[in-house]
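Note sheet for the following structure.
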Amino acid sequence: MDFNITAKNVSMKYKEDDVLKNISFHLEHGKIYGLLGRNGAGKTSLLSLLASFREPNSGEITVGEENPFENEEIMPRINFLFEKDYTYEYDPVKKYFEFAKRYRPDFDINYAEELATRFKLPLDKPIKDLSSGMQSAFNAILGLADFSPITILDEVYLAMDAPTREKFYEAVIEVQQKKPRTMILSTHLVSEMDYLFDHVLILHNGELLVNEPFDELVNHAFSIIGEAEKVDAITMNMNRLGSKQLGPTKSVTVYENLTEEIGTEIEKQGLEVGPVSLQELFIHLTEEE
Amino acid sequence: MMKDNSASPKIAKDTFLIQLNWAIWFISIVFAIFVVVRVFFNHTDVIDVNFLSIALPPSKIFMLVTGIMVCFTFLEYFISLRATRKQFFKGIVLSSIGVAIVITVFTFILQGLAYVLGEFTPLNLGQLGVFENEGILFIVQHIMMLIAYYSAGWIISIGFYRYGIGGLLFVLIGLAVISGVELLWEGNLSNTILNWLNVQVSSLNFFTALLLSIALISLSYLIVKRVTNRVPIKVS
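The listed protein sequences correspond, in order, to chains W and B. Going letter by letter, the first sequence gives residues 1 to 289 in this note's numbering. Going letter by letter, the second sequence gives residues 1001 to 1236 in this note's numbering.
Shown next as structure tokens:
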């Protein structure tokens, strides 16, 4: 079984709202996917579908060409972690790890304890007594130490402080080297995490705006900088994402392939080309008037 | 790779142990209250009241409440651990039967203790009552009633979990299950909130009541299964 994920024309309603609209994609196994979207874009809804927490209203999701919903072979191999309320979790961390091992066939308890040491997470402390940052780290460890073919982490890192997030990113790379799996990381922290992504999906108002390999995506956009009039003239017929002006100098971000022809023209006009980060691209693409 | 074909027994065992813990605390507290009431308020009108008859009504409420807690305590937890809804359902059915049996056995053990205390100390803790004559029958009746109350609680729980305010309809279904089992064993509804309804049924023989109880409980669990099968799990 290959554990590739395919979504075909998936739509989902929540009460009367269309939270996902006709979404299709194919996620090849073994890569790190960044799922980006603003609040309410539909990220958690999409991840709930992939994890069989819900079913789509129309369309289909397959994992290894089978429907994962209520599938006893597939469900235990997809690990879904999201921000949880641990107020009533009286068990200590170690006991919870043992419990996870009972149910999750790919959970590596030794590695979980090693990560806990790295994250300075006390194994004998009740989970409810951990700080919210530590609870996030605990949640992330449940995801990282489970070598399931598919791991979905829905913003579990938000409450971590910056040094802990760094350790988390290092661990993501480490587990991927140990045994590659499909990892889907949904986030707002685009600038911090972009180097982790092999592939990027951007959701906006329930629609899939972008579904591209990271390298290609950032090459699809660039900025043209120089004299305002010239910049406006050259970008007139391009897909403009945004602009900034400082005195006579203007910078316009465009969502275009930087072809040789465009490059020559820019050079001829005495203008400059600048790179666009994923963060900028994400902000421009999802900006609303 | 290990196949996850054994989640149901694990869920049954784990939820049984958690609920057992609650049940032991609960029955022990009821017993303590019973002893205090018998020792300090030993009026003649309660002289024949024994622990069995005292413990049954609160035990039913305990099972109802535990059943109501099922979806809000265990469902998301075990689905997060990647059990299927079907495995979850099977596990909880098994553990509910286990809890009903344990509460009943524990109640009888405490009744025995009360009897021994009454025989060998000056404490008057009531008679053995029904246990003297029809012990086994009473045990079976006790277990059936407790399972039925649990299933009614679970129906209410899954109704509200899945349908929100529409869960009110499931309260009616739960009430119907409770009333059904009360009528089968007690012949009236005096122990329920429908006690104002003057419904009487002629007493059934033990095996008829047992078979009808099993049918009612099965129907009740079937409703839970149908609603659970494709229930969306909330991401809290």
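Where is the CB? At the ideal position from N, CA and C, for every residue including glycine. For clarity, every value in this text was computed on a predicted model and none was experimentally measured.
For the 8 Å Cβ check, are there 3 or more pairs between the stretch 8-15 of chain W and the stretch 42-56 of chain W?
yes
Within-9 Å CB hit, W/Glu70 to chain B:
For the purposes of this step, residue 70 of chain W is identified with residue 70 of the first sequence, where counting begins at 1. Taking Cβ atoms only, chain B reaches closer than 9 Å to W/Glu70, which makes this a yes.
Let me know the secondary structure DSSP gives W/Ala159 once reduced to three states.
Counting from one through the first sequence, the residue named residue 159 of chain W turns up at place 159. Here W/Ala159 sits in coil by DSSP.
Under DSSP, the beta strand (DSSP E) around W/Pro275 begins and ends at which residues?
For the purposes of this step, residue 275 of chain W is taken as the residue at position 275 of the first sequence. Unbroken beta strand (DSSP E) run through W/Pro275: 272-275.
Which of the three DSSP states, helix, strand or coil, is assigned to W/Ile74?
Indexing the first sequence from 1 puts residue 74 of chain W at position 74. The answer is coil: DSSP assigns W/Ile74 none of H, G, I, E or B.
Using a C-beta cutoff of 9 Å, does W/Tyr157 count as contacting chain B?
To locate residue 157 of chain W, count along the first sequence from 1; it is residue 157. With 9 Å as the cut-off, W/Tyr157 does not count as an interface residue toward chain B.
Does the beta carbon of W/Thr44 sit closer than 9 Å to a beta carbon anywhere in chain B?
As a first step, residue 44 of chain W is located in the first sequence; it is residue number 44 there, counting from the start. With 9 Å as the cut-off, W/Thr44 counts as an interface residue toward chain B.
Mind reading off the beta-carbon distance from W/Tyr255 to W/His220? Whole number of angstroms is fine, and I expect it under 8 Å.
Position 255 of the first sequence holds residue 255 of chain W. Position 220 of the first sequence holds residue 220 of chain W. That pair is a contact at about 6 Å.
Could you give the distance in angstroms between the alpha-carbon of W/Gly37 and the alpha-carbon of W/Thr87?
The residue labelled residue 37 of chain W in the question sits at position 37 within the first sequence. The residue labelled residue 87 of chain W in the question sits at position 87 within the first sequence. Each residue's Cα considered, the two are about 28 Å apart.
Can you tell me the Cα-Cα spacing of B/Gln1111 and B/Leu1075, whole angstroms?
Position 111 of the second sequence holds residue 1111 of chain B. Position 75 of the second sequence holds residue 1075 of chain B. C-alpha separation (whole angstroms): 35 Å.
Below 9 Å between beta carbons: does that hold for W/Phe80 and B/Arg1230?
Against the first sequence, residue 80 of chain W aligns to sequence position 80. Against the second sequence, residue 1230 of chain B aligns to sequence position 230. No, the pair does not count as a contact, with Cβ atoms beyond the cut-off.
Answer yes if the stretch 236-248 of chain W comes into contact with the stretch 184-201 of chain W, meaning at least three C-beta pairs across the two stretches below 8 Å, and no otherwise.
no
Looking at B/Trp1185 and B/Gly1067, is the spacing between their C-beta atoms short of 9 Å?
Here residue 1067 of chain B refers to the residue found at position 67 when the second sequence is read from its first residue. Here residue 1185 of chain B refers to the residue found at position 185 when the second sequence is read from its first residue. For B/Gly1067 and B/Trp1185, no; Cβs fall outside 9 Å.
Is the Cβ-Cβ distance between W/Leu295 and W/Ile32 less than 9 Å?
Examination of residue 295 of chain W is not possible in this model, given that chain W is present from 1 through 289 alone.
Can you list, in chain order, the residues of its chain with a C-beta nearer than 7 Å to that of B/Asn1021? Leave out the 5 residues immediately preceding and following it.
Residue 1021 of chain B sits at position 21 when you count from the first residue of the second sequence. Nothing listed; no residue qualifies.
Within the same chain, show all residues whose beta-carbon is closer than 7 Å to that of W/His29, passing over the 5 residues directly before and after it, in chain order.
For the purposes of this step, residue 29 of chain W is identified with residue 29 of the first sequence, where counting begins at 1. Around W/His29: Asp2, Phe3, Asn4, Pro149, Thr182.
Within 7 Å of chain B by C-beta, residues of the stretch 230-264 of chain W in sequence order
none
So, is W/Lys178 buried or exposed, given that buried needs 16 or more other C-beta atoms within 10 angstroms?
Stepping through the first sequence from its first residue, residue 178 of chain W is reached at position 178. With fewer than 16 Cβ atoms within 10 Å of its Cβ, W/Lys178 is classed as exposed.
What residues of chain B sit near W/Tyr103, judged by a beta carbon separation below 7 Å?
By 1-based counting over the first sequence, the position of residue 103 of chain W is 103. Chain B residues near W/Tyr103: Ala1007, Lys1010, Leu1081, Arg1082, Ala1083.
Please state whether DSSP places W/Met236 in a helix, a strand or coil.
Locating residue 236 of chain W in the first sequence gives position 236, where the first residue counts as 1. W/Met236: coil per DSSP, three-state reduction.
Could you have a look at W/Ala7 and say whether DSSP puts it in helix, strand or coil?
Here residue 7 of chain W refers to the residue found at position 7 when the first sequence is read from its first residue. Looking at W/Ala7 - three-state DSSP - the assignment turns out to be strand.
Could you check what DSSP says for B/Tyr1150 in three-state terms: helix, strand or coil?
Counted from its first residue, the second sequence places residue 1150 of chain B at position 150. Correct three-state label for B/Tyr1150: helix.
Proximal residues of chain B, C-beta to C-beta of W/Ser186 below 8 Å
Taking the first residue of the first sequence as 1, we reach residue 186 of chain W at position 186. What W/Ser186 touches in chain B: nothing, since even the nearest Cβ is about 12 Å away.
Quick check on W/Phe80 - is its C-beta less than 9 Å from some C-beta in chain B?
Counted from its first residue, the first sequence places residue 80 of chain W at position 80. By this cut-off, W/Phe80 is an interface position.
Do W/Asn205 and W/Ala41 come within 9 Å of each other at the CB atom, strictly closer than that value?
Position 41 of the first sequence holds residue 41 of chain W. Position 205 of the first sequence holds residue 205 of chain W. Yes, the Cβ-Cβ distance between W/Ala41 and W/Asn205 is below 9 Å.
Closest to B/Lys1225 by CA distance: which of B/Tyr1077, B/Gln1087, B/Val1035 is it?
If you number the second sequence from 1, residue 1225 of chain B lands on position 225. When only C-alpha atoms are compared, the closest one is B/Gln1087.
With DSSP run on the structure shown, which of helix, strand or coil describes B/Leu1172?
Translated into positions along the second sequence, residue 1172 of chain B becomes position 172. In the structure shown, B/Leu1172 sits in a helix (DSSP, three-state: H, G or I).
Check for me: the beta strand (DSSP E) holding W/Tyr33 runs from which residue to which?
Position 33 of the first sequence, counted from the start, is the residue given in the question as residue 33 of chain W. 32-37 is the span of the beta strand (DSSP E), which, as asked, contains W/Tyr33.
By Cβ distance below 6 Å, which residues in the same chain neighbour W/His26 in space, the five residues on each side in sequence not counted?
Indexing the first sequence from 1 puts residue 26 of chain W at position 26. Hits under 6 Å: Thr6.
Report yes or no: do the stretch 1084-1102 of chain B and the stretch 1139-1148 of chain B share at least 3 C-beta pairs separated by less than 8 Å?
yes
CA-CA distance, B/Phe1078 and W/Asn257?
Indexing the second sequence from 1 puts residue 1078 of chain B at position 78. Indexing the first sequence from 1 puts residue 257 of chain W at position 257. Their backbone Cα atoms lie some 47 Å apart in a straight line.
Counting C-beta neighbours from all protein chains within 10 Å, is the total for B/Ile1158 16 or more, i.e. buried, or is it exposed?
Walking along the second sequence from the start, residue 1158 of chain B turns up at place 158. Buried.
Those runs of the beta strand (DSSP E) which lie wholly inside the stretch 164-228 of chain W and span at least 3 residues
182-187, 199-204, 207-213, 221-227
Just by C-beta distance, which residues in the stretch 1212-1232 of chain B are closer than 7 Å to chain W?
Arg1230, Pro1232
Is W/Thr259 buried or exposed, if buried means 16 or more other CB atoms sit within 10 Å of its CB?
On the first sequence, residue 259 of chain W is found 259 positions in, with the first residue counted as 1. Under this definition W/Thr259 is an exposed residue.
Here's a check: name, in chain order, each residue in its chain whose Cβ is nearer than 6 Å to the Cβ of B/Val1227, leaving out the five neighbours to either side.
Indexing the second sequence from 1 puts residue 1227 of chain B at position 227. Excluding positions up to five away in sequence, the list reads Ile1158, Arg1162.
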